[in-house]
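Asker: I am attaching a structure below and will ask some questions about it afterwards.
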Amino acid sequence: MIFRISLAVAVSGILILATTPLSYPVVSGINDKLSHIFAFFVLSLLADFSFPDKKFNLYIILPLMAYGLMIEGIQYFLPYRMFSLFDVAADAMGLVLYRISFPLLKKGVDAIFNKK
11 MIFRISLAVA
21 VSGILILATT
31 PLSYPVVSGI
41 NDKLSHIFAF
51 FVLSLLADFS
61 FPDKKFNLYI
71 ILPLMAYGLM
81 IEGIQYFLPY
91 RMFSLFDVAA
101 DAMGLVLYRI
111 SFPLLKKGVD
121 AIFNKK
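Positions in the sequence shown are counted from 1; adding 10 to them yields this note's numbering.
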């Protein structure tokens, strides 16, 4: 249950951060892309552990990519934000990095939360 609550908070928080005006100009640099990668890595982890009966495949990947595309679509219409396919690519990279590293993460998280 904690993972589902955390996922809902993360999805809501990212949407708010992605659609509110910034007090500084938007710069599309390496730090921005690293933020996207990290955010979608964390979303992948939370989604994966929120739905343990589902394998980390299209059931999780497609909704997360749709969420990333939705955010970019919203930003297209905001004068203080900008649409970027590079952001979508960075989102996808976060998913891929999670998929590559999730066997180790899953083992560690299971050990912490599922002590038996």
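Just so you know, even glycine gets a beta-carbon here, dropped at the ideal spot from N, CA and C.
Taking the alpha helix (DSSP H) that residue 103 belongs to, which residues open and close that run?
Answerer: Taking the first residue of the sequence shown as position 1, residue 103 is located at position 93. That run of the alpha helix (DSSP H) goes 95-123.
Asker: If you follow the alpha helix (DSSP H) that residue 75 is in, where does it begin and where does it stop?
Answerer: The sequence position of residue 75 within the sequence shown is 65, counting from 1. 68-86 is the extent of the alpha helix (DSSP H) around residue 75.
Asker: Buried or exposed for residue 96, please, with buried defined as at least 16 other CB atoms from any protein chain shown within 10 angstroms of its CB.
Answerer: Position 86 of the sequence shown, counting from 1, holds the residue named residue 96. Exposed, since its Cβ has fewer than 16 Cβ neighbours within 10 Å.
Asker: Would you identify the three-state DSSP class for residue 42, choosing helix, strand or coil?
Answerer: Along the sequence shown, one-based indexing puts residue 42 at 32. The answer is helix: DSSP assigns residue 42 an H, G or I state.
Asker: Measure the beta-carbon distance from residue 108 to residue 51 and round it to whole angstroms, keeping in mind my assumption that it falls under 8 Å.
Answerer: Locating residue 108 in the sequence shown gives position 98, counting from the first residue. Locating residue 51 in the sequence shown gives position 41, counting from the first residue. Confirmed, Cβ separation roughly 5 Å.
Asker: Which residue comes first and which comes last in the alpha helix (DSSP H) that contains residue 22?
Answerer: Within the sequence shown, residue 22 is the residue found at index 12, counting from 1. Start and end: 12-29.
Asker: What's the C-alpha gap between residue 88 and residue 42?
Answerer: Here residue 88 corresponds to residue number 78 of the sequence shown, with the count starting at 1. Here residue 42 corresponds to residue number 32 of the sequence shown, with the count starting at 1. Rounded to whole angstroms, residue 88 to residue 42 spans 18 Å at the Cα level.
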